[in-house]
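A.B. asks: Here the sequence shown is numbered in my numbering, starting from 34 and rising by one per residue. Where a beta carbon is used, it is the ideal one built from N, C-alpha and C, also for glycine.
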Amino acid sequence: MKALLCLDFENDIVHPNGKVAGKGYAEFNKAHGSLQSAARVQEKFRAAGLPVLHVRVGFSSTYLEQPKNSPLMGQAHVFGAFDLGGWGTEFLSEVTPQDDEIIITKHRVGSFYATALDLTLKTMGVTEVFLMGVATDMVVESTAREAHDRDFLVTIISDCCIAANDEDQARSLKNMEKLATLIVSDALELS
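1. Which same chain residues end up closer than 7 Å to residue 156 when comparing Cβ atoms and leaving out the 5 residues on each side of it in sequence?
2. Using a Cβ-Cβ distance cut-off of 7 Å, determine whether residue 114 contacts chain E.
3. Enumerate in chain order the residues of its own chain whose CB-to-CB distance from residue 131 is below 8 Å, with the five nearest sequence positions on each side excluded.
4. Ignore the nearest five residues each way along the sequence and tell me which others in residue 196's own chain have a CB closer than 7 Å to its CB.
5. How long is the line joining the alpha carbons of residue 42 and residue 89, rounded to whole angstroms?
6. Could you round the C-beta distance between residue 35 and residue 185 to whole angstroms and report it? I think they count as a contact, below 8 Å.
7. Rounding to the nearest angstrom, what Cα-Cα distance links residue 64 and residue 75 in this structure?
8. Just mark residue 144 as buried or exposed, buried being the case when its beta carbon has 16 or more other beta carbons within 10 Å.
9. Pull up the distance between the alpha-carbon of residue 209 and that of residue 122, whole angstroms please.
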């Protein structure tokens, strides 16, 4: 069975008012229309009766789960970023989950690390995952590597991925060619 994984499509990362959107993610989306493409892909999966799962990064209000020594997430508590009780970890309106769709919360970059994602997918009978999200070179690439090593077939929907800039996007997509199939949303076939 195929499943769509929507990775870190959160306000804090991509919305122009998000805590880390200024790193380039909001501008990348504006330039490339990634969220609109992602919304169309979600609808294709839903119409085909295939699961759509959503993964987000976040921390409790105490930030106990936060990796304080991380160059990437170590200052989140200082800025109030990724607070699970706030607007920042809500999903972007263009790609918000439907009521019956599974949401996985993670505390690190990769979607499999210390989460129930692997168990959930295997219990559902999923053997092939389609990935889209932000940032391409962080959560998407990390999740692609883990999914590959857990014996899932992996497809990256490249125009539904958001990076801080075009260089990061191109480099990450080139890396993932070695362990995944890369497609664009218009080429997606679910038969």
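C.D. replies: So, from the data block:
1. Here the set comprises nothing.
2. Among the chains in the structure shown there is no chain E, since it carries only a single protein chain.
3. Here the set comprises 79, 85.
4. Same-chain partners within the cutoff: 61, 168, 169, 170, 202, 205.
5. Answer to the nearest angstrom: the Cα atoms are 7 Å apart.
6. With 8 Å as the limit, residue 35 and residue 185 do not qualify as a contact, their Cβ atoms being about 10 Å apart.
7. C-alpha separation (whole angstroms): 21 Å.
8. With 16 or more other Cβ atoms within 10 Å, it is buried.
9. Distance between residue 209 and residue 122, taken at the CA atoms: about 27 Å.
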